[in-house]
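Novice: Next up is a structure, given as structure tokens.
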Ligand SMILES: Cc1cc2nc3c(=O)[nH]c(=O)nc-3n(C[C@H](O)[C@H](O)[C@H](O)COP(=O)(O)OP(=O)(O)OC[C@H]3O[C@@H](n4cnc5c(N)ncnc54)[C@H](O)[C@@H]3O)c2cc1C
């Protein structure tokens, strides 16, 4: 059943885990000042589904209770459109700054469950049944799940088994009747302090002889032996005026260490099948479904960047300069092309071989290589439009302090009084220039793999029939 924010927080408070942050071991993230605000932002996402219940909740096929439409296995266009609306509502609550809100993994496992026959190949019927059961558990308990699909960067030019004696990448070390045991590490797991569960599934190809690295499973964050080492917290324990984004939207990123972790067999989805390890990504429709979520959030974030750029340019009057208008036009075009791609993907959706309504992934494939360039370009454009205004940003304490009259006079702008101007520039700086802003830029460059490989993939998967026929009519 769809949880409220309070129910999510209550469950998080009950559930211990091993999180390390700046040398400190944290078992309850809500008790840590650097983590509690991130949890509250996820709680807000849970509340939103109740505020928009008519739009985003649907009855669970198992229990009949209301659950979020991000868990749906779509069979109609209306399903896709409702799901997209749910992505929009979630993304808008953070301006698209939190990429790994629970809908990301909800979509992933709904897709995997909808194509469970792919998981069942080569005698893995039990793994496939486990995937379906896990999707139902996520949906009906409304879990928050993180994932970790990449092994650490030891030597990317070599297969897992040939790096660091094969010991660093996550691998299987044993098995009993009831569980498998795994050891090694994975990077990264965004949302780790705020998730109920950790999932592991494929992120790269594995050689046939390296079956012990071909694993997929999901386990509670409290599972013994699981350790999460966070990067520095970017949460600013400051006023919402000073850091409107960093004060609440740090979703954290942690390296996961599996210290001989026992995975119950009922939670193992794939064990040793190196062919399946590729197929569950290529043949389940994961790409189209995850990009439906990812580019809806990207559209929200581009719209957010456009809104900031537009307001900044109008505040300081630079909007009159044609090259500034051209830069703002670039951001608008990126947002509009993204919206158009989503519409095109939905308009071209069809029922696939699994009986699932699958977005036309071509417009998404085209965006997948471009978006890692577009969102960083927005950062650059905002800097070019705002100039040194980002540095003329006294704090809320300054604005309310002894210099408040001077600040009111000397920070006024043609398009806004001093307070509004300072708030706007502080918001935009938190977006482009704070440590959270820089992390957000890195995230957009890499979270769906890099632009270069994704553009090459778009080329590889593209239908060349019509383009080559145009040429062949002259040379054939
Ligand atoms: C902020 C952030 C949050 C993230 N959160 C998660 C998460 O929650 N879960 C998760 O699983 N992952 C997460 N990721 C990791 C993400 O999956 C990886 O960043 C992505 O797969 C790219 O891998 P990499 O970062 O290790 O870069 P690398 O693969 O090491 O690439 C580094 C550079 O080398 C080049 N390169 C590497 N290999 C090749 C190759 N074979 N051919 C050509 N060029 C190559 C790349 O193009 C790039 O320029 C996150 C990443 C970031 C930045």
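In my numbering, the protein residues as written are -7 to 468.
All C-beta atoms in this analysis are idealised placements derived from N, C-alpha and C, irrespective of residue type, glycine included.
Predicted model, so just to flag it, every value in this text is computed and none were measured.
1) Please work out which residues of its chain come closer than 8 Å, Cβ to Cβ, to residue 333, disregarding the five sequence neighbours upstream and downstream, and give them in chain order.
2) Please list the segments of the beta strand (DSSP E) lying wholly inside the segment 5 to 46, counting only runs of 3 or more residues, in order along the chain.
3) Look at the alpha carbon of residue 182 and the alpha carbon of residue 435, and state the distance between them as a whole number of angstroms.
4) Residue 194: buried (16+ other C-beta within 10 angstroms of its C-beta) or exposed?
5) With respect to the alpha helix (DSSP H) encompassing residue 330, which residues constitute its N-terminal and C-terminal limits?
6) Quick one: measure Cβ to Cβ for residue 283 and residue 361, integer angstroms, because I've assumed they're closer than 8 Å.
7) Helix, strand or coil for residue 394 per DSSP?
8) Distance check for residue 186 and residue 4, CA to CA, integer angstroms please.
9) Is the beta carbon of residue -7 sitting closer than 8 Å to the one on residue 48?
10) Run the proximity test for residue 361: is its beta-carbon closer than 7 Å to any non-hydrogen atom belonging to ligand 1?
11) In the DSSP assignment, find the unbroken beta strand (DSSP E) run with residue 306 in it and report its ends.
12) Anyone know if the C-beta pair for residue 198 and residue 221 falls short of 8 Å?
13) How about residue 24: is its C-beta nearer than 8 Å to some C-beta of chain C?
14) Helix, strand or coil: which one does DSSP assign to residue 479?
15) To the nearest angstrom, how far is the alpha carbon of residue 351 from that of residue 330?
16) Nearer than 7 Å: is that true of the beta carbon of residue 138 relative to any heavy atom of ligand 1?
17) So, residue 300 versus residue 419, is the Cβ gap smaller than 8 Å?
18) Can you list, in chain order, the stretches of the beta strand (DSSP E) that have 3 or more residues and sit fully within the segment 158 to 234?
19) Please list the terminal residues of the continuous alpha helix (DSSP H) segment that includes residue 467.
Specialist: Taking the coordinates as given:
1) Position 341 of the chain shown, counted from the start, is the residue given in the question as residue 333. Only 287, 355, 356, 358 and 359 meet the Cβ criterion.
2) Counting whole runs of 3 or more residues, the segment 5 to 46 contains the beta strand (DSSP E) stretches 11 to 13 and 16 to 18.
3) As a position in the chain shown, residue 182 is number 190, starting the count at 1. As a position in the chain shown, residue 435 is number 443, starting the count at 1. Near 10 Å, if we compare the C-alpha coordinates of residue 435 and residue 182.
4) Translated into positions along the chain shown, residue 194 becomes position 202. Buried, by the Cβ-count rule.
5) Taking the chain shown and counting its residues from 1, one reaches residue 330 at position 338. Run containing residue 330: 314 to 339, per the alpha helix (DSSP H) assignment.
6) Within the chain shown, residue 283 is the residue found at index 291, counting from 1. Within the chain shown, residue 361 is the residue found at index 369, counting from 1. So it is not a contact: roughly 12 Å between Cβ atoms.
7) Your numbering for residue 394 matches position 402 in the chain shown. Coil at residue 394, not helix or strand.
8) Here residue 4 refers to the residue found at position 12 when the chain shown is read from its first residue. Here residue 186 refers to the residue found at position 194 when the chain shown is read from its first residue. Going by the C-alpha atoms only, they are around 7 Å apart.
9) Counting from one through the chain shown, the residue named residue -7 turns up at place 1. Counting from one through the chain shown, the residue named residue 48 turns up at place 56. No.
10) Counting from 1 along the chain shown, the entry for residue 361 is found at position 369. No - ligand 1 has no heavy atom lying nearer than 7 Å to the Cβ of residue 361.
11) Mapped onto the chain shown, residue 306 falls at position 314. Residue 306 -> not in any beta strand (DSSP E); alpha helix (DSSP H) instead, spanning 278 to 308.
12) Mapped onto the chain shown, residue 198 falls at position 206. Mapped onto the chain shown, residue 221 falls at position 229. Residue 221 is positioned such that its CB atom lies no closer than 8 Å to that of residue 198.
13) Chain labels in this structure do not include chain C; a single protein chain is all it has.
14) The structure shown has nothing for residue 479, since the chain only spans -7 to 468.
15) The residue given as residue 351 occupies position 359 in the chain shown. The residue given as residue 330 occupies position 338 in the chain shown. Cα-Cα distance, rounded: 14 Å.
16) Position 146 of the chain shown holds residue 138. Correct: residue 138 has its Cβ closer than 7 Å to ligand 1.
17) Numbered from 1 along the chain shown, position 308 holds the residue referred to as residue 300. Numbered from 1 along the chain shown, position 427 holds the residue referred to as residue 419. Result yes, Cβ atoms of residue 300 and residue 419 sit closer than 8 Å.
18) 163 to 167, 171 to 182, 189 to 192, 207 to 212 and 218 to 222
19) If you number the chain shown from 1, residue 467 lands on position 475. Taken as a continuous stretch (DSSP letters only), the alpha helix (DSSP H) holding residue 467 covers 457 to 467.
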